[in-house]
Amino acid sequence: MNVVVVESPAKAKTINKYLGPGYKVLASFGHVRDLPAKDGSVLPDDDFAMLWEVDTASAKRMKDIGDALKSSDGLILATDPDREGEAISWHVLDLLRKKKLIGDKPVQRVVFNAITKKAVLDAMANPRDIDIPLVDAYLARRALDYLVGFNLSPVLWRKLPGARSAGRVQSVTLRLVCDREAEIERFISEEYWNLSALLKTPRGDEFEARLVSAGGNRLPPRGVTNGEDAGKLKALLEGAAYTVESIEAKPVKRNPSPPFTTSTLQQAASSKLGFSASRTMQVAQKLYEGVDLGGETVGLITYMRTDGVQMAGEAIDAARSAIGDQFGSRYVPDKARIYTTKAKNAQEAHEAIRPTDFTRIPDHVRKFLDADQLRLYDLIWKRGIASQMASAEIERTTAEITADNKGEKAGLRAVGSVIRFDGFIAAYTDAKEDGEQSDSDDEDGRLPEINARENLAKQKINSTQHFTEPPPRYSEASLIKKMEELGIGRPSTYAATVSTLLDREYVSNDKRKLIPEAKGRLVTAFLESFFARYVEYDFTASLEEKLDQISAGELNWKDVLRDFWKDFFAQIEDTKELRVTNVLDALNEELAPLVFPKREDGSDPRICQVCGTGKLSLKLGKYGAFVGCSNYPECNFTRQLSSDSKDGDEASVSNEPLALGKDPHTGEEITLRSGRFGPYVQRGDGKEAKRSSLPKGWTPASIDHEKALALLSLPRDIGAHPESGKMISSGLGRYGPFILHDGKYANVESIEDVFSIGLNRAVSVLADKQAKGPGGRGASAAPLKEIGDHPDGGPITVKDGKYGPYVNWGKVNATLPKGKDPVSVTLEESLLLIAERIAKGGIKTTKGKATKTAKPKAAAKTGATAAKSAKPKAAAKPKAAAKPRTAAKAKKA
Numbered sequence: 001m002n003v004v005v006v007e008s009p010a011k012a013k014t015i016n017k018y019l020g021p022g023y024k025v026l027a028s029f030g031h032v033r034d035l036p037a038k039d040g041s042v043l044p045d046d047d048f049a050m051l052w053e054v055d056t057a058s059a060k061r062m063k064d065i066g067d068a069l070k071s072s073d074g075l076i077l078a079t080d081p082d083r084e085g086e087a088i089s090w091h092v093l094d095l096l097r098k099k100k101l102i103g104d105k106p107v108q109r110v111v112f113n114a115i116t117k118k119a120v121l122d123a124m125a126n127p128r129d130i131d132i133p134l135v136d137a138y139l140a141r142r143a144l145d146y147l148v149g150f151n152l153s154p155v156l157w158r159k160l161p162g163a164r165s166a167g168r169v170q171s172v173t174l175r176l177v178c179d180r181e182a183e184i185e186r187f188i189s190e191e192y193w194n195l196s197a198l199l200k201t202p203r204g205d206e207f208e209a210r211l212v213s214a215g216g217n218r219l220p221p222r223g224v225t226n227g228e229d230a231g232k233l234k235a236l237l238e239g240a241a242y243t244v245e246s247i248e249a250k251p252v253k254r255n256p257s258p259p260f261t262t263s264t265l266q267q268a269a270s271s272k273l274g275f276s277a278s279r280t281m282q283v284a285q286k287l288y289e290g291v292d293l294g295g296e297t298v299g300l301i302t303y304m305r306t307d308g309v310q311m312a313g314e315a316i317d318a319a320r321s322a323i324g325d326q327f328g329s330r331y332v333p334d335k336a337r338i339y340t341t342k343a344k345n346a347q348e349a350h351e352a353i354r355p356t357d358f359t360r361i362p363d364h365v366r367k368f369l370d371a372d373q374l375r376l377y378d379l380i381w382k383r384g385i386a387s388q389m390a391s392a393e394i395e396r397t398t399a400e401i402t403a404d405n406k407g408e409k410a411g412l413r414a415v416g417s418v419i420r421f422d423g424f425i426a427a428y429t430d431a432k433e434d435g436e437q438s439d440s441d442d443e444d445g446r447l448p449e450i451n452a453r454e455n456l457a458k459q460k461i462n463s464t465q466h467f468t469e470p471p472p473r474y475s476e477a478s479l480i481k482k483m484e485e486l487g488i489g490r491p492s493t494y495a496a497t498v499s500t501l502l503d504r505e506y507v508s509n510d511k512r513k514l515i516p517e518a519k520g521r522l523v524t525a526f527l528e529s530f531f532a533r534y535v536e537y538d539f540t541a542s543l544e545e546k547l548d549q550i551s552a553g554e555l556n557w558k559d560v561l562r563d564f565w566k567d568f569f570a571q572i573e574d575t576k577e578l579r580v581t582n583v584l585d586a587l588n589e590e591l592a593p594l595v596f597p598k599r600e601d602g603s604d605p606r607i608c609q610v611c612g613t614g615k616l617s618l619k620l621g622k623y624g625a626f627v628g629c630s631n632y633p634e635c636n637f638t639r640q641l642s643s644d645s646k647d648g649d650e651a652s653v654s655n656e657p658l659a660l661g662k663d664p665h666t667g668e669e670i671t672l673r674s675g676r677f678g679p680y681v682q683r684g685d686g687k688e689a690k691r692s693s694l695p696k697g698w699t700p701a702s703i704d705h706e707k708a709l710a711l712l713s714l715p716r717d718i719g720a721h722p723e724s725g726k727m728i729s730s731g732l733g734r735y736g737p738f739i740l741h742d743g744k745y746a747n748v749e750s751i752e753d754v755f756s757i758g759l760n761r762a763v764s765v766l767a768d769k770q771a772k773g774p775g776g777r778g779a780s781a782a783p784l785k786e787i788g789d790h791p792d793g794g795p796i797t798v799k800d801g802k803y804g805p806y807v808n809w810g811k812v813n814a815t816l817p818k819g820k821d822p823v824s825v826t827l828e829e830s831l832l833l834i835a836e837r838i839a840k841g842g843i844k845t846t847k848g849k850a851t852k853t854a855k856p857k858a859a860a861k862t863g864a865t866a867a868k869s870a871k872p873k874a875a876a877k878p879k880a881a882a883k884p885r886t887a888a889k890a891k892k893a
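If you use the UniProt record's numbering, the sequence shown corresponds to residues 1 to 893, in order.
What follows is the structure, encoded as structure tokens:
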């Protein structure tokens, strides 16, 4: 018997069926060890030695693998076919060797790009050794990320309170978003006019032609820049006679795009399906690992982390055969299409993402897939099959027309396209669905019959004013595309990098547009001022090139680390003498448009409008940066640092209170203000003044006297509870709108509910909250989804609690990552979350049951007390244990 190690239990189950009884397939559940989140995990002074740590859950998995290996004939490492997969195999083998479990047993490495029986058996027939250069590239990348994160993040904590982390790829990606925002802020809109004529042929058919020249001169795009010129041209066209100068019908071919890479799949899924990058990868992972098709588990697509655009020869042959069967022989081109990538640093080590079987059309698997899986598979199948189909043949007709007004002439052009042969477009349900329109003129539609030298009748002249638009903010998809173009990151890191920026609250996602938050812009400005080299696009891309050279065996990985560390360490050392005043001066200069927006009256935006003499500047507080006056404490003016450019809301950055009116009962002035924690309304002045933050969804621009009074009137009495007789009230708190009864809170959906909810509904909401149990994490919380059984016994479910959805197994509750759809959680993801929760301590498992143990903090306290009574100096030891927890904050960098 041979032991086969894969990454996920779902994959293990499927592959075990393919291989039969002579093999035992076990899952590693991803990485089996990692660098501890504390100082000293990478030692530059010890030739970059790396100290690895195996957590509790991984130790159990490795024990299972080791026990199975004792009675086996050999070990086959079959983890994923990429750098991370190679690293996992290396880690597993290294641990087994250290435990002296390998001996003289043969060790083989196999990779398969798809989880189908043929792909797996072919891989097993062609084993190889572990690719050491690929492992070296992984080690170099892991060491670089650790060294940047654990050395740069503490600098941010000391010099820029409120900043959470920095990272080698993360910070450069953040700079992309911030640079785009700065570009938008600098943008000056320009006016332009478009003119066109609605014309009629002698046969009565109408069409539109646009103005392209006047007075013998060609008009460039947006060449008419003011209303006066537009009026003159319109007058010319109104009184002109129209003649067709020429008609040209030109055949044009449109070629299909290559099959998907990781980047292009994420972009297409975002634009067509509305998926985030992380959601795309979650669904693709399931399609890759396998779906039960009526009793047989089959992988539907090839591996989804790739920058290659080519398909294997047998896949191309299969696609061409399927095209002939499903669309006809005319749709099969004479030669197979060969694609090469244009992306910077692309390795093309793996195939593009494609269906494992082109005859398995989406309709055939519809009943076996959920909605998201079907939509993504449909997208992949169409792109894959279209990539090998014949070109579309389009006839593009261009009519050149002269307008003559008493010798003053202008030129107009009408363009139309007709699809003579749809070719690859037949693979799509809609000719525009593939999103590959390379020329906007293709969208002009078909022209009626037009003949050269014939006269046309004028029906209407259109003159429309327009203004140039600033460059659009990045979406997740367009940001990933830009990262790929610049050579920043790799396919396996794109989604995780964007998710990190969102989780750190450096960037927000508003209607699928990424907007840098104030803290994100502060971090970028700080790094550009004091660590400029390490957020340069070219420098980051060149480092990625070196990592690729390591994987190709062309560079020594430790040489790359030495070169990097020498300069980086010197830069870190230089910042030790950096004063906060130096930081603030640099940030004031770098972020002037954000921090000190221009005033309508033209006055100096840095002069405090409250005291009139102080100078405004960035200040650093416990919760981050804010704007304050230099005359503090005599002038206590402060303002939250926020661009708020997404709403164009100037009230949110107002330098002084905005009067809204007086309270009709007290006569006190009600004002709208902006503080360190956001906009708020206030009644009166002084420490005793009544204040209320604006609820979510309410912008400063929308606040009037009536709304301010409503907010300041909270809490609101709803009525006495019919059972207890105690008052039920509603209000707005730290965690949003709520109702309160007898010291117990229940959230309501919106602030409008606070003002409108009646007694009957309030009683119902309170009853529902009570039924869920304390915090919603008790046994009484109803499951949102039944996941399946844990390998150690007992059901796994997804429940909803006070702090959001979580995975439950026995006494183990593991919170889902932010933004994770609870209904989409898989068994594999659940097991990883549970294992991580158990590894954090406070829980032990016995015979398939999880039980809580004494809390680590309590134990530490007892130990500290005992140590103190015996040896006074030893009492400080428990404090040292807190250091890794503090350093752990940098791990995610």
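In this text, a Cβ means the ideal position worked out from N, Cα and C, and glycines have one as well.
Next item on the list: Note down, one range per segment and in chain order, each beta strand (DSSP E) of at least 3 residues found wholly within the stretch 498-538.
Entry: The qualifying runs are 507-510 and 513-516.
Next item on the list: For H350, count neighbouring Cβ atoms within 10 angstroms of its own Cβ and tell me buried if that reaches 16, exposed if not.
Entry: When all chains shown are included, H350 counts as buried.
Note to self: Using CA atoms only, rank isn't needed, just tell me which of E476, P471, R420 and V244 is closest to T402.
What the structure shows: In this structure, V244 is the residue among E476, P471, R420 and V244 with its C-alpha nearest to the C-alpha of T402.
Notebook entry, point to check: Quick one: is M50 buried, meaning 16 or more other Cβ sit within 10 Å of its Cβ, or exposed?
Noted result: Burial call: exposed.
Check: Mind checking T116: buried by the 16 CB within 10 Å criterion, or exposed?
Finding: Within 10 angstroms of the beta-carbon of T116 lie 16 or more other beta-carbons, which makes it buried.
Notebook entry, point to check: Tell me the DSSP bridge mates of I353?
Noted result: Looking at the DSSP output, I353 shares a beta bridge with F260.
Next item on the list: Alpha carbon to alpha carbon, how far is S278 from A477? Give it in angstroms, no decimals.
Entry: When rounded, the distance between both Cα atoms is 11 Å.
Item checked: Minimum C-alpha distance to M483 - residue among K513, D538 and R533 -> The shortest C-alpha separation from M483 is found at D538.
Check: Helix, strand or coil: which one does DSSP assign to V32?
Finding: The DSSP-derived three-state label of V32 is coil.
Check: Any chance the CB of W698 is under 7 Å from a heavy atom of the ligand SAH?
Finding: For the ligand SAH, the structure offers nothing, since it holds no ligand at all.
Margin query: Taking the alpha helix (DSSP H) that A336 belongs to, which residues open and close that run?
Written below: It is not in any alpha helix (DSSP H) - A336 carries neither H nor E in the DSSP assignment.
Next item on the list: Would you tell me roughly how many angstroms separate the C-alpha atoms of L561 and T262, rounded to the nearest one?
Entry: Using only the alpha carbons, I get a separation of about 28 Å.
Next item on the list: To the nearest angstrom, report how far apart R413 and E248 are at their CA atoms.
Entry: If you draw a straight line from the Cα of R413 to the Cα of E248, it is about 11 Å long.
Item checked: Exposed unless 16 or more other CB atoms sit within 10 angstroms - verdict on N636 -> Exposed, since its Cβ has fewer than 16 Cβ neighbours within 10 Å.
Next item on the list: Helix, strand or coil for L831, going by three-state DSSP, please let me know.
Entry: It is helical.
Checklist line | Three-way DSSP call (helix, strand, coil) for T79 in this model | finding: Coil at T79, not helix or strand.
Check: Among F424, R396 and I425, which one has its Cα closest to the Cα of V418?
Finding: When only C-alpha atoms are compared, the closest one is R396.
Item checked: Spatial neighbours of P783 in its chain, beta-carbon cut-off 7 Å, leaving aside the 5 residues before and after -> Cβ-Cβ distances below 7 Å link P783 to T797, V798 and K799 in the same chain, with the five nearest sequence neighbours on each side left out; the list follows chain order.
Item checked: Where G416 falls, given that 16 or more other Cβ within 10 Å makes a residue buried -> G416 sits buried, since 16 or more C-beta atoms from the chains shown fall within 10 Å of its C-beta.
Margin query: Am I right that K70 and L101 are in contact with their C-beta atoms under 8 Å? What's the rounded C-beta distance?
Written below: About 7 Å; that satisfies the 8 Å criterion.
Check: When the distance is taken between beta carbons, is L144 closer than 8 Å to L287?
Finding: L287 places its beta carbon 8 Å or farther from that of L144.
Next item on the list: Compare the beta carbon distance of V5 and S28 with 8 Å and say whether it is the shorter of the two.
Entry: Yes, they are a contact pair.
Margin query: Can you look up P795 in the DSSP assignment and give me helix, strand or coil?
Written below: The answer is strand: DSSP assigns P795 an E or B state.
Check: If we count Cβ pairs, one from each stretch, closer than 8 Å, do we get three or more for the stretch 455-468 versus the stretch 508-521?
Finding: The stretch 455-468 is not in contact with the stretch 508-521.
Notebook entry, point to check: Looking at the structure shown, is P822 part of a helix, part of a strand, or coil, going by DSSP?
Noted result: Under the three-state reduction of DSSP, P822 is assigned to helix.
Next item on the list: Tell me M727's beta-bridge partners as DSSP assigns them.
Entry: Answer by DSSP bridge pairing, in chain order: A720.
Item checked: Alpha-carbon spacing of D370 relative to A137, whole angstroms -> Across the structure, D370 and A137 are spaced so that their CA atoms are roughly 38 Å apart.
Notebook entry, point to check: Are the stretch 523-543 and the stretch 561-575 touching by the rule of at least three beta carbon pairs closer than 8 Å?
Noted result: In short, these stretches touch, since the Cβ pair count reaches three.
Check: Can you tell me where the beta strand (DSSP E) with T14 in it begins and where it stops?
Finding: Taken as a continuous stretch (DSSP letters only), T14 belongs to no beta strand (DSSP E), being part of the alpha helix (DSSP H) at P9 to L19.
Item checked: Beta-carbon proximity of E191 to N226, cut-off 8 Å -> With a cutoff of 8 Å on beta-carbon distance, E191 and N226 are scored as near each other.
Next item on the list: Evaluate the contact criterion for the stretch 89-96 versus the stretch 11-27: three or more CB pairs, one atom per stretch, below 8 Å.
Entry: No: fewer than three Cβ pairs fall under 8 Å.
Checklist line | CA-to-CA distance, K105 to M1, given in whole angstroms | finding: Rounded to whole angstroms, M1 to K105 spans 12 Å at the Cα level.
Next item on the list: Below 8 Å CB to CB, which residues in the same chain sit around Y474 once its five sequence neighbours on both sides are set aside?
Entry: Counting only Cβ-Cβ distances below 8 Å, and skipping sequence neighbours, we find L176, V177, R180, K482, K513 and L514.
Next item on the list: Grab the span of the beta strand (DSSP E) containing E393 for me, first residue to last.
Entry: A392 to N405 is the span of the beta strand (DSSP E), which, as asked, contains E393.
Next item on the list: Can you have a look at D357 and say buried or exposed, based on whether 16 or more other CB atoms are within 10 angstroms of its CB?
Entry: Buried, by the Cβ-count rule.
Note to self: If you reduce the DSSP assignment to three classes, tell me which class P817 lands in.
What the structure shows: P817 falls in the coil class under three-state DSSP.
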